Amino acid sequence: MHLGCHSCQRVESAHSRLKKHLGDTMSSLETSVEKINKMLKLQFGDIASSFEKSLNTQLHSVSSYIYNEIRCRVSLEALKRIHKQLKEIDIKYAKLVGECYCTLKITHGLPYMHDLAYYLSQSMPIPLEHIHPH
Numbered sequence: 013m014h015l016g017c018h019s020c021q022r023v024e025s026a027h028s029r030l031k032k033h034l035g036d037t038m039s040s041l042e043t044s045v046e047k048i049n050k051m052l053k054l055q056f057g058d059i060a061s062s063f064e065k066s067l068n069t070q071l072h073s074v075s076s077y078i079y080n081e082i083r084c085r086v087s088l089e090a091l092k093r094i095h096k097q098l099k100e101i102d103i104k105y106a107k108l109v110g111e112c113y114c115t116l117k118i119t120h121g122l123p124y125m126h127d128l129a130y131y132l133s134q135s136m137p138i139p140l141e142h143i144h145p146h
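The sequence shown finishes on residue 146 if you use our numbering, and the numbering steps up by one all the way, no holes.
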């Protein structure tokens, strides 16, 4: 699973941020480790606040019963992607349940149209265990 990242762009971006954060290339190892630690603490704080926002923010678009098991348990971005797929569903997809090569399922670990159509046809919420934990 690559979460939509097809190149080394994340690595290059992280490397660039690290170089900017370190600043002077002639620092001692101890100073560099302290700066890296500070940067990681800031990143962790950003991630924690993002998760907190996902737990406390409810999108109006995800008020349907189908979101009952995953609402406030997955990221807002994941909910938005699932909602987008639900908007594209036609009842004909309910018959396409089974083996699926859909990219959203493979790259992001989220249910795709075929799965969502099945849940809708069965009037059941999206099971939390059908969403990849990462």
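Just so you know, even glycine gets a beta-carbon here, dropped at the ideal spot from N, CA and C. Bear in mind the structure is a predicted one, so any value in this text is a computation, not a measurement.
Minimum C-alpha distance to residue i - residue among the options
{"i": "L98", "options": "C84, L88, V86, Y79", "result": "Y79"}
{"i": "G121", "options": "M136, S135, R93, S133", "result": "R93"}
Span separating the alpha-carbon of residue i from that of residue j
{"i": "N68", "j": "P139", "result": "20 Å"}
{"i": "A90", "j": "M38", "result": "42 Å"}
{"i": "S25", "j": "V45", "result": "19 Å"}
{"i": "H144", "j": "G57", "result": "23 Å"}
{"i": "V86", "j": "A129", "result": "20 Å"}
{"i": "K50", "j": "L41", "result": "14 Å"}
{"i": "E141", "j": "D36", "result": "46 Å"}
{"i": "I48", "j": "F63", "result": "22 Å"}
Burial state of residue i (16 or more Cβ within 10 Å)
{"i": "S28", "result": "exposed"}
{"i": "I59", "result": "exposed"}
{"i": "Y131", "result": "buried"}
{"i": "M13", "result": "Because the pLDDT of M13 is 45, which lies under 50, any placement of that residue in the model is unreliable, and the number read from its coordinates should be weighed accordingly. The residue in question, M13, is exposed, as its Cβ has fewer than 16 Cβ neighbours within 10 Å."}
{"i": "M125", "result": "buried"}
Host alpha helix (DSSP H) of residue i (start-end)
{"i": "Q97", "result": "88-100"}
{"i": "D127", "result": "125-133"}
{"i": "G57", "result": "41-68"}
The ligand ZN heavy atom lying under 8 Å from the CB of residue i
{"i": "N68", "result": "What this structure holds is no ligand at all, so the ligand ZN is not there to describe."}
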